[in-house]
Amino acid sequence: MATEASNRPYQIVIFGATGFTGQYVVEELARVADGEDYRGQALRWAVAGRSQKKLEQVLSSAAERLGKPQLKSIDIVICDINDDDSLADMCKKASVVLDCVGPYMFYGEAVVRACIENGTHFVDISGEAQYLESMHMKYNDQAADNGVYIVGSCGFDSIPSDLGVLFTRNSMQDRGKLKNLRKKMALKPLPVVGKKLNRRNTVVYSDKVQKYAFPFGSDAPVVKRTQRYLYENLQETPDSFFMILTKCGCGRKLLMKHPKFFSFGFFSKEGPTQRQVNTHPFYVIRLLIGGVYTPGSAFSKTKLIDRLNKLGIRFTVLSETDD
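In the numbering used here, the protein residues as written are 42 to 364.
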């Protein structure tokens with residue numbers, strides 16, 4: 042069914058384009074459409090949501106910000122998350138629906154279901170582990186039967202961590218050869234250099250960025266699902282790999298009341314400043330047999346890491362050379 046999607050009016054429809062994240066996805070897609078990947082051919086895309094007026098405002102704002110007046114003529118699709126018929130109509134017009142309507146636990150499943158039923162590929166930016174795993178359990182077989190890709194967590198949750206694990210593994214493919222080479226060259230064990238590493242706490246201070254850091258809760262389940270998929274389907278050996286205040290009601294209230302304090306200034310009730318937005322890149326992923334996937338399982342054999350490097354999300358191998 043999904044093979045028919047290439048003949049549809051739009052290659053990509055951004056659903057929820059009037060939302061906070063959706064507006065920036067619109068701007069990034071506009072940049073991608075004018076980039077080298079689409080040089081000589083027009084990317085067919087549209088924005089979707091409930092309000093014609095608000096969608097027009099988003100396009101007008103993007104046109105002004107990017108200096109691209111042609112964005113004002115981008116097509117608009119009216120669609121309501123609570124109206125199954127309008128969801129089906131939107132999906133029938135698109136090859137890929139990029140869903141920016143959250144929280145996904147409440148609003149994601151209806152879009153996933155509509156995409157599968159109408160042979161449309163689906164991408165979201167969710168970081169909600171329960172929703173992501175629920176979609177896999179409910180719809181993986183049906184999506185596979187219909188040849189539809191359902192790929193969740195394709196935002197900052199959790200592409201850097203998921204593909205970062207794969208990048209690290211691929212960068213160390215010759216670790217076995219290195220071990221054998223050292224055995225041949227050394228007649229006796231080399232002394233241990235440096236002090237013994239301490240076990241890392243939940244919150245640590247990074248000397249490299251001179252800021253505090255902590256593991257993000259939604260990333261680990263995504264990474265583990267990718268490793269399971271690669272092991273079960275591609276016979277690849279799995280890689281060996283903040284929930285403090287959220288465990289109690291009073292802790293959750295503190296987080297909601299003082300988000301800026303507990304996130305070290307990253308989040309606030311006022312939202313990010315324009316400077317913060319400008320220094321954090323956004324990107325759009327296009328999909329090409331079906332099933333519910335993590336980013337790593339869907340894109341492990343693609344050039345996505347190369348594309349992210351060009352956008353400022355760096356995947357590098359750091360090493361120290363001898364003096």
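Heads up, the beta-carbon is just placed ideally off N, CA and C, and yes, glycines get one too. Please read these numbers as outputs of a predicted model, since none were measured by experiment.
Report the three-state DSSP secondary structure of residue i (helix, strand or coil).
i, result
"Ser-281", "Confidence is the limiting factor: at Ser-281 the pLDDT is only 49, short of 50, which leaves the residue's position unreliable, though a coordinate-based value still follows. The answer is coil: DSSP assigns Ser-281 none of H, G, I, E or B."
"Ile-326", "Because Ile-326 carries a pLDDT of 45, less than 50, the predicted location of this residue cannot be relied on, and the following value inherits that uncertainty. Note: Ile-326 maps to coil in three-state DSSP."
"His-299", "coil"
"Phe-61", "helix"
"Ser-92", "coil"
"Ile-191", "strand"
"Asp-75", "coil"
"Gly-143", "coil"
"Phe-208", "helix"
"Phe-56", "strand"
"Ser-309", "coil"
"Asp-116", "strand"
"Asp-182", "helix"
"Lys-252", "strand"
"Asp-198", "coil"
"Phe-340", "helix"
"Ser-127", "helix"
"Gly-168", "coil"
"Val-153", "helix"
"Ala-83", "coil"
"Gly-290", "helix"
"Val-263", "helix"
"Val-373", "There is simply no residue 373 to check, as the chain begins at 42 and stops at 364 in what is shown."
Check each candidate in the options and name the one with the smallest Cα separation from residue i.
i, options, result
"Ala-126", "Ile-117, Cys-156 and Tyr-145", "It should be noted that the sequence gives Asp, not Ala, for residue 126. Nearest C-alpha to Asp-126: Cys-156."
"Ser-194", "Arg-348, Tyr-334 and Thr-343", "Tyr-334"
"Leu-70", "Pro-50, Ser-47, Ile-115 and Arg-91", "Ile-115"
"Tyr-65", "Ser-102, Gly-160 and Arg-266", "Ser-102"
"Ile-119", "Gly-168, Ala-254, Glu-97 and Leu-173", "Glu-97"
"Met-146", "Gln-183, Ile-122 and Lys-134", "Ile-122"
"Asn-181", "Ala-129, Val-244, Arg-266 and Ser-341", "Arg-266"
"Thr-209", "Ala-58, Pro-50 and Thr-357", "Thr-357"
"Lys-342", "Met-178, Leu-271 and Ser-92", "Leu-271"
"Pro-262", "Met-213, Glu-273, Gly-331 and Gln-171", "Gln-171"
"Gln-315", "Asn-211, Tyr-79, Arg-106 and Gln-183", "Arg-106"
"Ser-92", "Lys-109, Ala-58, Ala-254 and Leu-295", "Ala-58"
"Lys-133", "Gly-108, Lys-344, Cys-291 and Asn-48", "Asn-48"
"Ala-184", "Asn-350, Thr-161, Ala-83 and Ser-247", "Thr-161"
Quick check: what's the CA-CA separation for residue i versus residue j?
i, j, result
"Val-151", "Lys-249", "Residue identity check: residue 151 is Ala in the sequence provided, not Val. If I take the Cα positions, the gap works out to 43 Å."
"Val-137", "Gly-337", "19 Å"
"Gly-63", "Pro-201", "20 Å"
"Leu-352", "Gly-196", "13 Å"
"His-299", "Ser-309", "8 Å"
"Leu-328", "Gly-188", "Note that Leu-328 scores 39 on pLDDT, short of 50, meaning its location in the model is unreliable; the coordinates nonetheless yield the value given after this. Computed Cα separation, rounded: 12 Å."
"Lys-252", "Glu-77", "36 Å"
"Arg-348", "Val-73", "11 Å"
"His-177", "Asp-124", "23 Å"
"Asp-364", "Tyr-148", "Any reading at Asp-364 needs caution, since the residue's pLDDT is 43, under 50, leaving its predicted position unreliable; the model's value is listed next. Straight-line Cα distance between these residues: approximately 57 Å."
"Val-67", "Leu-296", "30 Å"
"Lys-94", "Ala-135", "22 Å"
"Ser-212", "Lys-294", "43 Å"
Would you mind giving the Cβ-Cβ distance between residue i and residue j, rounded to the nearest angstrom? I have them listed as a contact below 8 Å.
i, j, result
"Leu-365", "Ile-346", "Nothing about residue 365 can be read from this structure; the chain reaches only from 42 to 364."
"Ser-175", "Asp-260", "18 Å between Cβ atoms; not a contact."
"Gly-60", "Val-192", "Not really, about 19 Å apart at Cβ, beyond 8 Å."
"Val-164", "Asp-140", "7 Å"
"Ala-254", "Val-264", "Ala-254 to Val-264, Cβ: 17 Å. No contact."
**Request:** Inspect the CB distances between the region 49–64 and the region 79–89 and report whether three or more fall short of 8 Å.
**Result:** yes
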